[in-house]
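Visitor: Under UniProt numbering, the first residue of the sequence shown is numbered 1, with each subsequent residue one higher.
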Amino acid sequence: NWNLTWSTRTPIFTSCFIKIGLIWAPIAFFWIFAPAEIYYMMWKKGMKVPWSTLNISKLVVVFFLMIVSLVDIIYQMIRFTKIDVRPVEYYTPFLIFVTMVRLMKDKDRRTKLMNEIMNGIKVLKLYAWENSFIKEVMSFRSMEVASLRAQAYLSGAITFVFSSAPFLISLASFATYVLIDPNNVLDANKAFVSLSLFNILRIPTALLPMIITYTAM
Numbered sequence: 001n002w003n004l005t006w007s008t009r010t011p012i013f014t015s016c017f018i019k020i021g022l023i024w025a026p027i028a029f030f031w032i033f034a035p036a037e038i039y040y041m042m043w044k045k046g047m048k049v050p051w052s053t054l055n056i057s058k059l060v061v062v063f064f065l066m067i068v069s070l071v072d073i074i075y076q077m078i079r080f081t082k083i084d085v086r087p088v089e090y091y092t093p094f095l096i097f098v099t100m101v102r103l104m105k106d107k108d109r110r111t112k113l114m115n116e117i118m119n120g121i122k123v124l125k126l127y128a129w130e131n132s133f134i135k136e137v138m139s140f141r142s143m144e145v146a147s148l149r150a151q152a153y154l155s156g157a158i159t160f161v162f163s164s165a166p167f168l169i170s171l172a173s174f175a176t177y178v179l180i181d182p183n184n185v186l187d188a189n190k191a192f193v194s195l196s197l198f199n200i201l202r203i204p205t206a207l208l209p210m211i212i213t214y215t216a217m
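1) Should L113 and V145 be called a contact, given that it needs their Cβ atoms to be closer than 9 Å?
2) Report yes or no: do the segment 118–135 and the segment 174–186 share at least 3 C-beta pairs separated by less than 8 Å?
3) Under 8 Å by Cβ, that's how I've got L154 and L103 pegged, so tell me the actual separation to the nearest angstrom.
4) Just to confirm the assignment, what range does the alpha helix (DSSP H) spanning I163 have?
5) Applying the 10 Å Cβ sphere with the 16-neighbour rule, what's the burial state of F167?
6) Within the same chain, show all residues whose beta-carbon is closer than 8 Å to that of L186, passing over the 5 residues directly before and after it, in chain order.
7) Since T99 contacts A150 with CB under 8 Å, what's their CB separation in whole angstroms?
8) I need the DSSP call for N1, collapsed to helix, strand or coil.
9) Given a cut-off of 9 Å, decide if R109 and residue 229 are closer than it, judged by their beta-carbon atoms.
10) Count the other CB atoms, across all protein chains shown, that sit within 10 Å of the CB of I200; report buried if there are 16 or more and exposed otherwise.
11) One question on the structure: do S147 and D106 come within less than 9 Å of each other, judged by their Cβ atoms?
12) Decide if F162 is buried, meaning its Cβ has at least 16 other Cβ atoms within 10 Å, or exposed.
13) Can you give me the Cβ contacts of S194 inside the same chain, cut-off strictly under 8 Å, excluding the 5 residues immediately before and after it?
14) What is the residue span of the alpha helix (DSSP H) that N189 lies within?
15) In this structure, does DSSP put V185 in helix, strand or coil?
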């Protein structure tokens, strides 16, 4: 109600007003003015973004907002469930690290063996040890190929999850809205407005987890 917020000395801030003031207004500011400012600095000031104190402070604020949003999401997930729930980004860097370490170990063993063979090739030819060393090299190579295959499967699974993140976010949002309260009815107006907002955030929500994972690597 307009009168309860502005036409009184003790204003009552509704949840809608708080969400607009604290969430949608900053998001709209960043989405509208950030591209315009980057375009202005690139095309009017020498085709580069100057690392001034103002720009560095803006990046620090954006990074701080990202950290606060991530912490708030994790807190809300743990708050509404008795099970310790962690996002996908919590596990993927660890899995990628394990597969990379395994791959590097297998590659290092094969490389060392090949160096020894190349240094002692005359001895191998003299005693006719070619077949035994070929089997040894192929065994190391098979382990390396297995590590590469596991890494490829893991990368494909992570890419699939991250690519389907916008769809999963829409599905989870609609399901939460309908199931959290029997009075919530998902009509066409709410669905299409929400889908338009999700479509705007589709690329950032698809790229942000990849950036977090690659940064952790």
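Here a beta-carbon is modelled for each residue, glycine too, at the ideal position from N, C-alpha and C. All values derive from a computational prediction rather than experimental measurement.
Guide: Well, looking at it:
1) Sequence index remark: in the sequence shown, residue 113 carries index 113 (1-based). Sequence index remark: in the sequence shown, residue 145 carries index 145 (1-based). A distance of 9 Å or more separates the beta carbons of L113 and V145.
2) Taking 8 Å as the limit for Cβ pairs, the verdict is that the segment 174–186 does not touch the segment 118–135.
3) What you label residue 154 is simply residue 154 of the sequence shown in a count that begins at 1. What you label residue 103 is simply residue 103 of the sequence shown in a count that begins at 1. Not really, about 11 Å apart at Cβ, beyond 8 Å.
4) Here residue 163 refers to the residue found at position 163 of the sequence shown. Reading the sequence as shown, one finds Ser at residue 163 and not Ile. It spans 130–163 - the alpha helix (DSSP H) in which S163 sits, taken as one unbroken run.
5) As a position in the sequence shown, residue 167 is number 167, starting the count at 1. Looking at its Cβ environment, which holds fewer than 16 other Cβ atoms inside 10 Å, F167 is exposed.
6) Position 186 of the sequence shown, counted from the start, is the residue given in the question as residue 186. Closer than 8 Å at Cβ, skipping near neighbours: F174, Y177, V178.
7) One-based indexing of the sequence shown puts residue 99 at position 99. One-based indexing of the sequence shown puts residue 150 at position 150. In this structure T99 is in contact with A150, their Cβ atoms being roughly 6 Å apart against a cut-off of 8 Å.
8) Here residue 1 refers to the residue found at position 1 when the sequence shown is read from its first residue. With a pLDDT of 49 at N1, under the threshold of 50, the predicted position of this residue should be treated as unreliable, though the coordinate-derived value follows. Here N1 sits in coil by DSSP.
9) Coverage of the chain is limited to positions 1 through 217, which leaves residue 229 absent and any answer about it impossible.
10) Counting from one through the sequence shown, the residue named residue 200 turns up at place 200. By the neighbour-count criterion, in which a residue is buried when 16 or more other Cβ atoms sit within 10 angstroms of its Cβ, I200 is exposed.
11) Walking along the sequence shown from the start, residue 147 turns up at place 147. Walking along the sequence shown from the start, residue 106 turns up at place 106. Taking 9 Å as the Cβ cut-off, S147 and D106 qualify as a contacting pair.
12) Residue mapping note: residue 162 aligns to position 162 of the sequence shown, counting from 1. Taking a 10 Å sphere around the C-beta of F162, we find 16 or more other C-beta atoms and assign the residue as buried.
13) To locate residue 194, count along the sequence shown from 1; it is residue 194. Closer than 8 Å at Cβ, skipping near neighbours: S170, S173, F174.
14) The residue given as residue 189 occupies position 189 in the sequence shown. Unbroken alpha helix (DSSP H) run through N189: 188–200.
15) Locating residue 185 in the sequence shown gives position 185, where the first residue counts as 1. Here V185 sits in coil by DSSP.
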